[in-house]
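One structure below.
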Amino acid sequence: MQIPPRIAVIGCGGWGRNLVRNFSQLGVLEMVCDPSETARAVAAQLNPGVRVVADLSEVLGSNVSGIVIATPAETHFDVATSGLMAGKDVFVEKPLALTYDQGLRLTELAERQKRVLMVGHVLEYHPGILRLLEIVHSGALGNLFYIYSHRLSLGKVRREENILWSFAPHDVAVMLRLVGRMPSTVTACGGNYIRPHIADVTVTQFLFDSYIRGHIHVSWLHPFKEQRLVVICSRKMASFDDTAKRLVVYDRRVEVQEGQSILFAGNGEEISYPPDEPLLLECQAFLNAMLTRQPPLTDGYSGARVLRVLEAAQQSLIGNGEPVAVENGLYRCGGATAI
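To convert, take the position in the sequence shown, counting from 1, and add 35; that gives the numbering used here.
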């Protein structure tokens with residue numbers, strides 16, 4: 036009989052509390068660590084009996100088998116490195132690190148230490164996205180043409196990272212999974228309106244070698260909330276609206292017959308999917324990887340792929356939209372579903 040993993044969550048801020056809640060619900064939460072007295076008080080109130088500490092060294096020296104990192108992005112590399120060196124399996128909220136090189140170094144360290152490394156790309160565990168992936172990859176929609184994603188809202192404005200690094204990692208991860216390969220070229224432009232040098236809105240364009248294209252529009256300076264992913268294929272189209280919780284496949288396309296463009300505007304069919312909370316599924320995936328010692332879907336290589344694309348987008352953003360080539364041969368693939 037396998038002994039259930041024991042988990043420590045490091046960081047009990049807004050998102051960290053969601054992780055604390057889920058691992059507590061799964062019955063594996065052993066410790067919560069946060070330097071903030073206020074955060075520790077909240078954690079202790081919500082989780083009676085769970086050890087709450089201020090110092091990371093207490094977690095690293097404890098008998099927990101896995102740590103979950105929900106600290107500011109600029110600390111991810113150092114905290115994850117410390118966890119892996121202490122012999123812990125590590126779950127890191129997105130982004131895995133702040134550079135591709137750091138992400139690859141963490142992945143290689145996890146392999147040397149024979150530890151699980153997982154990145155929190157929660158959208159890849161969303162039942163609606165999983166159903167969409169299944170439909171697209173089955174060929175039911177035809178050949179993939181174009182993907183666009185909008186992730187828009189009013190706030191929360193970050194001080195440490197721009198909108199590209201804050202909002203886009205989830206959409207980049209899903210787009211790579213949908214296409215099945217890295218883009219050949221990335222182009223990004225945006226604007227800084229609230230603070231100098233921190234983009235509040237970006238539009239990123241992707242060109243894949245198969246001539247599939249995509250774009251991701253992210254903003255925290257928008258009058259309403261929208262989280263929508265649209266997939267255009269040769270026979271049908273699909274839309275996943277995470278705000279409205281709807282996945283719809285549309286029997287719509289344009290065909291050329293005898294030199295004329297013929298529009299087929301059929302009806303939409305709403306596709307059902309399980310109502311499970313994506314974050315709970317993601318937490319379960321981490322525990323399953325710890326028990327089976329098999330790489331999770333969003334392993335270190337998956338996180339590194341996303342970082343490579345984000346770096347190219349950031350370089351293009353700094354260059355005012357100059358196209359940036361993405362080098363595809365910089366890493367080998369890993370994860371339950373490899374690209």
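Ideal Cβ placement from N, Cα and C applies to all residues, glycine included.
Suppose contacts are defined by Cβ-Cβ distances below 8 Å. Is Pro-130 in contact with Val-283 by that definition?
In this structure, Val-283 does not lie closer than 8 Å to Pro-130 by Cβ.
Sequence-distant residues of the same chain with beta carbon closer than 8 Å to Asn-400, five excluded per side:
Because the chain here runs from 36 to 374, residue 400 falls outside it and cannot be looked at.
In this structure, what does DSSP give as the bridge partners for Val-291?
Per DSSP, Ser-296.
Please report the distance separating the alpha-carbon of Gly-249 from that of Leu-199.
Distance from the CA of Gly-249 to the CA of Leu-199, rounded to the nearest whole angstrom, comes to 15 Å.
Since Ile-164 is in the alpha helix (DSSP H), which residue starts that stretch and which ends it?
162 to 173 is the span of the alpha helix (DSSP H), which, as asked, contains Ile-164.
Alpha carbon of Gly-301 to alpha carbon of Asp-286, nearest angstrom:
The alpha-carbon atoms of Gly-301 and Asp-286 are separated by roughly 5 Å.
So, are the CB atoms of Ser-269 and Asn-197 less than 8 Å apart?
Between Ser-269 and Asn-197, the C-beta gap is not smaller than 8 Å, which leaves the two residues out of contact.
Taking the CB atoms as reference points, tell me whether Asp-206 and Ser-184 lie closer together than 8 Å.
Yes, they are a contact pair.
Please confirm whether Pro-331 and Ala-320 have their CB atoms less than 8 Å apart.
Yes, Cβ-Cβ distance for Pro-331 and Ala-320 is below 8 Å.
Between the region 152 to 166 and the region 91 to 99, do at least 3 Cβ pairs fall closer than 8 Å?
The region 152 to 166, when compared against the region 91 to 99, does not touch it at the 8 Å Cβ threshold.
Contact under 8 Å by Cβ, Gly-51 with Glu-317
In this structure, the beta-carbon distance from Gly-51 to Glu-317 does not fall below 8 Å.
Look at the alpha carbon of Glu-290 and the alpha carbon of Gln-148, and state the distance between them as a whole number of angstroms.
Spanning the two alpha carbons is a distance of roughly 54 Å.
Rounded separation between Ile-436 and Gly-225 - CA only
In the structure as shown, the chain begins at 36 and stops at 374. Residue 436 is therefore absent and cannot be evaluated.
8 Å CB neighbourhood of Asn-355 in its chain, flanking five on each side removed:
Exclusion of the five residues before and after Asn-355 leaves Cys-224 as the residues of its chain whose Cβ lies within less than 8 Å of its Cβ.
Please classify Cys-318: does DSSP put it in a helix, a strand, or coil?
When DSSP states are grouped into helix, strand and coil, Cys-318 belongs to the helix group.
Can you list, in chain order, the residues of its chain whose CB lies under 7 Å from that of Gly-46, leaving out five sequence neighbours each side?
The answer, listed in chain order, is Asp-69, Ile-104, Ala-105 and Thr-106.
Burial state of Asp-90, where buried means 16 or more other Cβ atoms lie within 10 Å:
When all chains shown are included, Asp-90 counts as exposed.
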